[in-house]
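> Numbering (the numbering used here), first residue to last: 458 to 782.
We treat Cβ as the ideally placed atom computed from N, Cα and C, and that holds for glycine.
1. Taking all protein chains shown into account, decide if residue 605 is buried (16 or more other Cβ within 10 angstroms of its Cβ) or exposed.
2. Output needed for residue 612: all residues of its chain with C-beta closer than 8 Å, excluding positions within five of it in sequence on either side, in chain order.
3. My understanding is that residue 716 touches residue 538, with C-beta atoms under 8 Å, so please give their C-beta distance in whole angstroms.
4. When you compare only the Cα positions, how much space is there between residue 632 and residue 506?
5. Throw me the rounded Cβ distance for the residue 657 and residue 650 pair, which I believe falls under 8 Å.
6. Can you look up residue 566 in the DSSP assignment and give me helix, strand or coil?
7. Hey, residue 571 and residue 577: beta-carbon distance below 8 Å or not?
8. Taking residue 648 and residue 764 to be in contact with their CB atoms under 8 Å, please state how far apart those CB atoms are, rounded to whole angstroms.
9. Check whether the segment 546-560 and the segment 464-479 touch, using three or more Cβ-Cβ pairs below 8 Å as the test.
10. So, at 6 Å on beta carbons, what are the nonlocal neighbours of residue 473 in its own chain, with the 5 sequence-adjacent residues on each side left out?
11. Secondary structure at residue 472, three-state DSSP: helix, strand or coil?
12. Considering only the beta carbon of each residue, do residue 488 and residue 515 sit closer than 8 Å?
13. Keeping to the same chain, check which residues put their C-beta closer than 8 Å to that of residue 532; ignore five residues upstream and five downstream.
14. For a test of the three-state rule: what should DSSP assign to residue 726, helix, strand or coil?
15. Relative to the C-alpha of residue 707, which residue among 492, 540, 614, 597 is closest?
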């Protein structure tokens, strides 16, 4: 890895908000792209970056809903993008490149979580395809627009503890488990940042992160009874779980990774609570009891350079896109 996976004493923490980490930072003249930047953490990320002066482009699967959500925020524009459709990814990238603008911040925020088994494209498992392959293709297609010094931020999750990359069955063709599929996709997000940072050779830096546990529309596929059983909410839908962040706090680590001067010259690391995370022992892949999985730290399989390079090659083969070939 380019940078040691150890905390750096950022001065921020669990309760820091996106506004806190942007205090004193002027993003005037900068352009940010935030996928899914119109709902949940993405909306708070968009609001914070725009509030600091950035122009923000929000690629959205539901552009009408996105326009309504960001309509009151100055400096934000919306375009159409469905990460599960590589032709849609290509179309968005071509439209953006044709505008002649450069990108300073690219945040891969959009995701699906623990959804029922769904197949997209040529039969790909939807979480791997949407959360990883779509973003892989997007970054590679937008590569010519990334300015020197730009940062690419992949929003992962502590869910990466649920599963490494299942090299023998990446697409879950021999039995589907929604949480293992989510875990694999989130591990892929971390590995993507590791290898992109190595390939970019300091011209562009890449980071991944766990935003924290936040109740947002991301959990829309999880039944009420499962949320209750997990101790997140009561039967009336009221939040009761410990350790949840507000959306403003949840957006903080992505914004910090995208803008913090403390990260100048660094990259390829997984962050949490607005700091670089520590590496922790790998858990048992596919285990139940996922809710009590480690709440902090990053597994070694998610930051292994060999695994990262292997995933990059597979992703390039599947998507047909590789800016570094």
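Checking against the coordinates, here is how it stands:
1. Residue 605 counts as exposed, since fewer than 16 other beta carbons sit within 10 angstroms of its beta carbon.
2. Here the set comprises 498, 564, 565, 566, 568, 646, 665, 666, 668, 711.
3. About 23 Å separates the beta carbons of residue 716 and residue 538, which is beyond the 8 Å limit, so they are not a contact pair.
4. Residue 632 and residue 506: Cα-Cα distance of roughly 41 Å.
5. In fact, because the Cβ distance is near 10 Å, the residues do not count as touching under 8 Å.
6. Residue state, collapsed to three classes: coil.
7. Not closer than 8 Å, so no.
8. Their Cβ separation, rounded to whole angstroms, is 6 Å, which keeps residue 648 and residue 764 in contact under 8 Å.
9. At 8 Å Cβ cutoff, the stretches do not touch.
10. Contacts found: 709, 731.
11. Reduced to three states, the DSSP call for residue 472 is coil.
12. No. Outside cutoff.
13. These residues qualify, in order along the chain: 507, 510, 511, 512, 513.
14. Collapsing the DSSP output to three states places residue 726 in coil.
15. Among 492, 540, 614, 597, the Cα nearest to that of residue 707 is on 614.
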